[in-house]
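Be aware that the sequence shown starts at 3, since it is given in my numbering, and climbs by one per residue. Where a beta carbon is used, it is the ideal one built from N, C-alpha and C, also for glycine. This report refers to the structure that appears directly beneath it.
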Amino acid sequence: MEAYFDNKGNILNACIRSKRDKSVLYTLKTTFGLSGRKITVFLDENPAPGRTAHVASLNWRDKTFEILGQRRNLSDIRRTEGRFFKKHEFIVPGTHVINTYAEGSDRTRHWRWNSERKEYELLFDDDEGWKATLNGNMSIAARFLVQLRPHLFGKPDPPALHLTKTALEADEVFLILVMIYSEIKRQDSTVPRFFLRFR
């Protein structure tokens with residue numbers, strides 16, 4: 003599935019549209035309170051007959067994901083590995099290796115909806131955006147590219163989403179929510195804490 007978000011500035015209140023025919027696949031609506039985000043609702047614009055349009059929701063305060071009526075805490079579906087600081091080795095000629103720890107995270111995040119589903123490793127790169135991989139980083143299941151640097155001339159590209167056939171069959175809604183959650187948390191980390199209360 004190749005798709006894009008039609009609201010470049012706010013992916014939490016946007017429509018996810020197909021790149022092929024620009025039809026709306028999903029709609030995201032977020033409610034806000036005095037202390038920030040409350041709930042993001044994920045609506046299917048083409049539900050199957052007899053099914054509700056409400057597919058999933060993300061409760062920011064309770065830190066819970068809900069998909070098709072099943073609710074899970076963030077701590078149950080995400081785990082992290084690695085160091086908080088990146089390790090750098092410097093070799094000084096005639097001496098030993100000097101290890102230093104620089105600012106920035108060297109952690110990897112692993113996401114799994116439940117024990118019967120596949121586990122995805124989520125990585126972020128400034129040039130490639132978010133990437134969800136399977137099998138120890140051997141195959142890519144999904145990508146989410148957000149324009150980090152504005153263009154000097156012309157319009158910026160809208161946030162783009164690409165899910166492989168494997169991801170579509172197994173965890174389409176889950177992976178989209180994980181990508182959105184991760185991108186919003188990344189954006190939050192670039193804003194001073196004082197201003198987060200008013201977002």
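T32 is the residue among A5, Q72, T32 and L170 whose C-alpha sits nearest the C-alpha of I41. Counting only the Cα atoms, M181 lies some 17 Å from E171. Assigned with DSSP and collapsed to three states, A172 falls in helix. Secondary structure note for L76: it is in no beta strand (DSSP E), and the uninterrupted alpha helix (DSSP H) holding it is L76 to I79. Residue state for L36 is assigned as coil, using DSSP reduced to three classes. Just so you know, the alpha carbons of S25 and D8 end up roughly 11 Å apart.
Note: W62 is not bridge-paired with any residue in the DSSP secondary-structure output.
Relative to R80, the option among R53, K120 and L70 whose CA is nearest is K120. E4 carries a strand assignment under DSSP once its states are collapsed to helix, strand and coil. Buried is the label assigned to S184, since at least 16 other Cβ atoms lie within 10 Å of its Cβ. Remark: C-beta atoms of R19 and Y6 approach each other more closely than 8 Å. Taking C-alpha positions only, S77 is separated from I142 by approximately 24 Å.
It is roughly 18 Å from the alpha-carbon of K133 to the alpha-carbon of D159. Note: K31 is bridge-paired with V43 in the DSSP secondary-structure output.
Boundaries of the beta strand (DSSP E) harbouring A143: S141 to L147, taken from the DSSP string. Looking at Q149, E130, V43 and R145, the one whose alpha-carbon comes closest to that of L177 is R145.
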